DNA sequence: GATTACTGCAACTCTAGGGTTGCAGTAATC
DNA sequence: GATTACTGCAACCCTAGAGTTGCAGTAATC
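This is how it looks when you write it as structure tokens:
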């Protein structure tokens, strides 16, 4: 559903450890325990990060037997990118307008 | 120069107060003191946020008489957006490939 | 049914950083 | 030259959250 509040998504993305998790999931779906075997932190810490990522729609989970497998959602990243692109373009547009006015003086 | 380490930029963008500042600067350049008149926090707090934003290339400053005027840099936002777009696309590509394999079974 | 992986919850530590106050420095204005 | 805005620095408070340990719950496997 990509529920977007923008800033929370960016806050979630502003953490190196969470990127380690996202990169790992980007290569292959995995459970919290499996991720704990790859990263230098505990499973519980990873579980918390996964909860954050899931809350902002960057990750989704599904039961697979007795384990909870997580997968990464590229759509949320794309949507966030589009919004940033939009805002940046707006700013540049204003600056260009100012420049034009300055040159006419 | 848009020096990009990506995660620090996203961390800088993951704060509501800093967005208030960016939005204000998006409408018009301003000094820290001027911003303090618009937002419900002190000038010093704003100065810290501006330092963070400047460190990651989202904002630039220039002396204008006795005040330091800040302006927003859309280019950094656009560049960040492009990187996110790229990564999201990569993830989706892998997921599409997996789906294809699954359907062939 | 006992054992073996998983997940889930709770309490706790510790640091980063968002915010504050207070004061010193410096450039315009009168 | 005195006053009046600005910026800059330092010390401090306080909370959010990243990480930990420990244990209970639950679903496979033997």
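Protein chains in written order, with my numbering: chain Z, 101 to 205; chain P, 101 to 205.
Glycine included, each C-beta is placed from N, C-alpha and C at the ideal position.
Given the structure is predicted, the values throughout are model-derived calculations rather than measurements.
Taking only the alpha-carbon atoms, compute the straight-line gap between residue 122 of chain Z and residue 165 of chain P and give it to the nearest angstrom.
Mapped onto the first chain, residue 122 of chain Z falls at position 22. Mapped onto the second chain, residue 165 of chain P falls at position 65. When only Cα atoms are considered, residue 122 of chain Z and residue 165 of chain P end up about 47 Å apart.
In the DSSP assignment, the beta strand (DSSP E) including residue 161 of chain Z goes from what residue to what residue?
Indexing the first chain from 1 puts residue 161 of chain Z at position 61. Per DSSP, the continuous beta strand (DSSP E) segment holding residue 161 of chain Z begins and ends at 159 to 164.
Could you check where the alpha helix (DSSP H) with residue 139 of chain P kicks off and where it finishes?
In the second chain, residue 139 of chain P corresponds to position 39, counting from 1. In this chain, residue 139 of chain P is not harboured by any alpha helix (DSSP H), its DSSP state being neither H nor E.
First and last residue of the uninterrupted beta strand (DSSP E) at residue 291 of chain Z:
There is simply no residue 291 of chain Z to check, as chain Z begins at 101 and stops at 205 in what is shown.
Own chain residues within Cβ distance below 8 Å of residue 144 of chain Z, not counting five before or after
Taking the first residue of the first chain as 1, we reach residue 144 of chain Z at position 44. Cβ within range, chain order: n/a, list empty.
Out of Z:105, Z:120 and Z:171, which has the shortest C-alpha to C-alpha gap to residue 116 of chain P?
Here residue 116 of chain P corresponds to residue number 16 of the second chain, with the count starting at 1. It is Z:105.
C-alpha gap between residue 136 of chain Z and residue 126 of chain Z, whole angstroms
Indexing the first chain from 1 puts residue 136 of chain Z at position 36. Indexing the first chain from 1 puts residue 126 of chain Z at position 26. Straight through space, the alpha carbons of residue 126 of chain Z and residue 136 of chain Z are spaced by roughly 16 Å.
Rounded to the nearest angstrom, what separates residue 124 of chain Z and residue 139 of chain P at their Cα positions?
As a position in the first chain, residue 124 of chain Z is number 24, starting the count at 1. As a position in the second chain, residue 139 of chain P is number 39, starting the count at 1. About 40 Å.
Less than 7 Å between CB atoms is the rule here; does residue 113 of chain Z satisfy it with respect to chain P?
As a working mapping, residue 113 of chain Z is identified with position 13 in the first chain. Closer than 7 Å to some Cβ of chain P, the Cβ of residue 113 of chain Z qualifies, so yes.
Roughly how many angstroms lie between the CA atoms of residue 190 of chain P and residue 154 of chain Z, to the nearest whole one?
Taking the first residue of the second chain as position 1, residue 190 of chain P is located at position 90. Taking the first residue of the first chain as position 1, residue 154 of chain Z is located at position 54. Cα to Cα, residue 190 of chain P sits roughly 19 Å from residue 154 of chain Z.
Skipping 5 residues on each side, what residues in its chain have a beta carbon closer than 8 Å to that of residue 109 of chain P?
Counted from its first residue, the second chain places residue 109 of chain P at position 9. 156, 157, 158, 176 and 180.
Tell me whether the beta-carbon of residue 160 of chain P lies closer than 7 Å to the beta-carbon of residue 173 of chain P.
Here residue 160 of chain P is taken as the residue at index 60 of the second chain, counted from 1. Here residue 173 of chain P is taken as the residue at index 73 of the second chain, counted from 1. Cβ atoms of residue 160 of chain P and residue 173 of chain P: closer than 7 Å.
Do you know whose CA, among Z:183, Z:130 and Z:113, lies nearest residue 163 of chain Z's CA?
Taking the first residue of the first chain as 1, we reach residue 163 of chain Z at position 63. When each option's Cα is compared against that of residue 163 of chain Z, the closest is Z:130.
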